[in-house]
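Encoded as structure tokens, the structure appears first; notes follow it.
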Amino acid sequence: MAFVIGSWSALASSSVDIPFTKTKLSNGMTVIFHEDHGLPVVAVDVLYNVGSRFEAKGRTGFAHLFEHLMFMGTKRAPTGKFDEWMEAVGGHNNAWTSEDRTGYWDVGPKACLNLFLWLEADRLRDIGPLMTAEKLKAQRDVVRNERRQRTENTPYGKGEIRLSELLYPVEHPYHHPPIGSHEDLEAATVQDVKDFFATHYVPSNASMAVAGDFSREDAMRAIKAWMETVPTKDAPKDPGAPGFSDTKTTLTSVVTDTLTDDVELTKITYAWQTPRHFTLQDAHLDLLGAVLGGGKSSRLYTALVVDKKLAQSVSAGESSGVLGSHFEISVLARPHVDLDVLEKAIDMEIETVKKRGVRDAELLRARNVLMTGFISSLQQVGTRAKLLNTYEMDTGDPGFITKDLARYESAKPSDLQDVATKYLMLDKRAVLRIVPKISEVKSR
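So the numbering used here is basically just the index in the sequence shown, starting at one, shifted up by 3.
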């Protein structure tokens, strides 16, 4: 789903605001300030315009690997001290990598701000140049073990990797997942890592948001002293997806696969290519996902779990990205259910939306469900910092929230029917079955 999902009444939307100021440092880094003195908490969010889609052939997993390497220490903050010093004053931090971006965040008492800013500037300046074979080996082993734990040895985890391979052609930047392959990670050299850092981890390729209880003037002095002195060069050109369109699928037929896994129940996943995030149709597909698979009153749950007793659970939703998105329906089958019968039942619900549309009450419920999640997330200053950064990097406007929410407010039942008809094509999709290793169910 899109980073921001939610819907409001027109009155509520006009009052939703995250006040901010924005500046650009002399080295090209964008800095966004959001002051909120309600609680003595501060957050720093640093977002780099690099993810797995920026990786070269044979170098998959580099973006995720570097996320880990950023915690390996410098001369001024040796390995382990980043977390130790931060936690000693009540702060905490983490990082994430997607196909499009890599983000680092720090949250803690307001007194932590100077430490947060110094640590972020210190590692941006020196992590790459000071990379060693020992540091690389340590984190390469961590990343490879993470792949084993989260995908290869997690129930249904293999499907996450295989689905992207089915959904996108080899030439598409989303064909491989951020976790990377064992072979590519093992082949990485220290020089490879240094080159990747020198290309993508430069101030001109990053945006930093500072949110919470702080003084903008004090924060700016610290940023100028530490972050603005980090050398930079021009940000690398975004490679995009040459030859591909986010509004036209590359699939020309139904692409299927069946995997065996150490699970008790079969899982069926459908996936379609859909438009990029922050577009109108992306929002409409968010809402359609809630109508189809958002909770026990959704269409798929009612039909498959309650009425026909074919499924144990269902989910549906839009997974949004910069170059395009994908809409996914996942269904956990009940034991001994004929999978062909189950798939026909899923298809019937999709076709019903196309032919008969969505009721006003269903659209209202979908808006309310998404709005609740959105409101809850805004209570955290860290979420607001990440949101401002995301808007800035993807739209150029940290104050995009009003336009973002308007996409959901303006949606009509006919809009959901239209995107279902246009994008959820039964003859152009990826279908993945994950079945128990010892299974009596019928498989392809």
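For glycine and all other residues, C-beta sits at the position ideal for the given N, C-alpha and C.
Rounded to the nearest whole angstrom, the C-alpha separation of Y204 and M351 is 48 Å. Taking a 10 Å sphere around the C-beta of I35, we find 16 or more other C-beta atoms and assign the residue as buried.
By the Cβ test, the segment 270-280 is in contact with the segment 330-347, since at least three Cβ pairs between them sit closer than 8 Å.
Collapsing the DSSP output to three states places F199 in a helix.
In terms of Cβ geometry, P401 and Y411 do not form a close pair [threshold 8 Å]. A388 is bridged by DSSP to nothing; it lacks a bridge partner. Boundaries cannot be given for G298, as no beta strand (DSSP E) includes it and DSSP labels it neither H nor E.
A check of alpha carbon separations from G64 across D125, S184, P81 and T105 identifies S184 as the nearest. Of the residues assessed, Q284 falls on the buried side of the cut-off, its CB having 16 or more other CB atoms within 10 angstroms. Note on V372: 16 or more other CB atoms within 10 angstroms of its CB, so buried under the neighbour-count rule.
In the DSSP assignment, the residues bridged to Y107 are V49 and A98. In its chain, beyond the 5 residues on either side, T82 have a beta carbon closer than 6 Å to the beta carbon of G76. If only uninterrupted beta strand (DSSP E) runs of at least 3 residues are considered, those enclosed by the segment 145-228 are 209-215. Considered as a whole, the segment 335-373 harbours 342-359 as its complete alpha helix (DSSP H) runs of no fewer than 4 residues, in chain order.
In this structure, DSSP gives D264 an extended state, which the three-state scheme calls strand.
Distance from the CA of E149 to the CA of I182, rounded to the nearest whole angstrom, comes to 8 Å. Listed as beta-bridge partners of K270 by DSSP are L335 and I437. According to the DSSP assignment, S417 belongs to the alpha helix (DSSP H) that extends over P416 to Y426. Where I35 is concerned, the enclosing beta strand (DSSP E) starts and stops at T33 to E38. For K27, the enclosing beta strand (DSSP E) starts and ends at T24 to K27. For A319, the uninterrupted beta strand (DSSP E) segment begins and ends at A314 to S322.
Between the alpha carbons of V53 and R279 lies a distance of about 17 Å. 8 Å or more divides the Cβ of N392 from the Cβ of S207. CA-CA distance, M89 to T386, rounds to 19 Å. DSSP links Q276 through a beta bridge to H329. Of the residues assessed, V49 falls on the buried side of the cut-off, its CB having 16 or more other CB atoms within 10 angstroms. The alpha-carbon of V45 is positioned some 46 Å away from that of G360. Here S248 is bridged, per DSSP, to K251.
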